[in-house]
Amino acid sequence: MLRRFATAASSERKIDKKKRKKSTGNERVNVVNLAQDLPEITTELVKKTFGQQDMYKDNSKFDVKDQMRMEKKLSDIEREASRIIARAIIDAPVDPKDDWAINLTKSIYPPDAIWLFINARSMYLAFVTPSDPGQEFILTGNAYGIHEGSISYSVNEFISKETETSYTEFHLLTVISPRLAMILRHNSMPEPLEDMDRDICSQKATMLAEQAQTHLDPEHATSLLYDLPIAKARNSYTVV
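So for the sequence shown, the UniProt record's numbering puts the first residue at 1; every next one is plus one.
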């Protein structure tokens, strides 16, 4: 995915098929260097911009040739596992009784299957782009998506430990290219067409109030993106 952020100089080069595979390792992306007093935009190799480099490199027992053996083996496993998980989700036969969610817990990591089910039932998907043609979305070096919502904690003063007591996720934002991001927005948030129906508005208000009551400070258990101007996707054959 990060190759979609590659700068024009590295992504638009015309190369033949034999050299294409080799060149992908040299693609570069724009990065914001925060190590200086004044942030500056520089470039970095795609393969070095995300994650920890050489995490499994072992130079204590092996010669130079074999130091990356474990790194290579695990990277192959991770790549293959991601394809298997994606295929299991895509091929899951969705049914009205939601048995698909239970069956999916047998094919992939159960908490991930439950998380997918909750998102599918309680949120809707929208795509957004920057309003300014000269601006782009950016990715952080230590996070892939942004989770927005209210969190409440209880504090054990004897051991100075915080424990999460309630969390309401209103939005999940994921950048997939410099000018395109996906947003999962909770069904309790405003939606232009639905807001024209008083009954639906009343149901949403009740839902938000119930969610807020699970928090220590219900009055402030709100979304920072409550007024985000997005709407549910529509098709060309449904009349509303």
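Here a beta-carbon is modelled for each residue, glycine too, at the ideal position from N, C-alpha and C.
Contact check, residue i vs residue j, beta carbons under 9 Å
| i | j | result |
| --- | --- | --- |
| leucine 116 | leucine 104 | yes |
| leucine 180 | methionine 123 | no |
| alanine 221 | threonine 163 | no |
| leucine 139 | valine 94 | no |
| phenylalanine 170 | tyrosine 237 | no |
| proline 178 | phenylalanine 127 | no |
| isoleucine 114 | alanine 88 | no |
| methionine 231 | proline 218 | It should be noted that the sequence gives alanine, not methionine, for residue 231. No. Outside cutoff. |
Own chain, CB closer than 6 Å to residue i, minus 5 neighbours either side, in chain order
| i | result |
| --- | --- |
| aspartate 112 | none |
| alanine 92 | Trp100, Leu104 |
| aspartate 98 | none |
| glutamate 40 | Asn33 |
| serine 223 | Phe170 |
Residue i - DSSP class collapsed to helix/strand/coil
| i | result |
| --- | --- |
| arginine 185 | strand |
| methionine 196 | helix |
| lysine 161 | strand |
| histidine 215 | coil |
| phenylalanine 137 | coil |
| asparagine 119 | helix |
| residue 247 | Outside the shown range of the chain, which is 1 to 240, sits residue 247, and nothing can be said about it. |
| alanine 6 | strand |
| isoleucine 176 | strand |
| isoleucine 84 | helix |
| alanine 205 | helix |
| isoleucine 151 | strand |
| alanine 101 | helix |
| valine 29 | strand |
| serine 75 | helix |
| valine 128 | strand |
| serine 166 | strand |
| isoleucine 146 | strand |
| serine 44 | First, the residue type needs correcting, since residue 44 is glutamate and not serine in the sequence shown. Correct three-state label for glutamate 44: strand. |
| methionine 70 | helix |
Residues of its chain near residue i, where Cβ-Cβ distance is below 8 Å and the 5 sequence neighbours each way are ignored
| i | result |
| --- | --- |
| threonine 43 | Thr7, Arg28, Val29, Asn30, Val31 |
| leucine 172 | Asn119, Met123, Gly145, Ile146, His147, Glu148, Ile183, Leu184 |
| lysine 161 | Val155 |
Neighbour-count burial assignment, residue i, 16 or more Cβ in a 10 Å radius
| i | result |
| --- | --- |
| phenylalanine 5 | buried |
| proline 96 | exposed |
| serine 82 | exposed |
| leucine 38 | exposed |
| glutamine 36 | exposed |
| glutamine 213 | exposed |
| glutamine 135 | exposed |
Nonlocal neighbours in the same chain, by C-beta distance under 7 Å from residue i, ignoring five residues either side
| i | result |
| --- | --- |
| histidine 215 | Ser150, Ser152, Ser166, Ala221 |
| threonine 77 | Inspection of the sequence shows that residue 77 is occupied by isoleucine rather than by threonine. Within the same chain, isoleucine 77 has no close Cβ partners at all. |
| serine 154 | Thr163, Thr165 |
The region 30–50 contacting the region 65–77, beta-carbon criterion three pairs below 8 Å: Touching, no, given that fewer than three Cβ pairs across the two stretches are closer than 8 Å.
Three or more C-beta pairs below 8 Å linking the region 204–219 and the region 185–195: Result yes; three or more Cβ-Cβ pairs closer than 8 Å.
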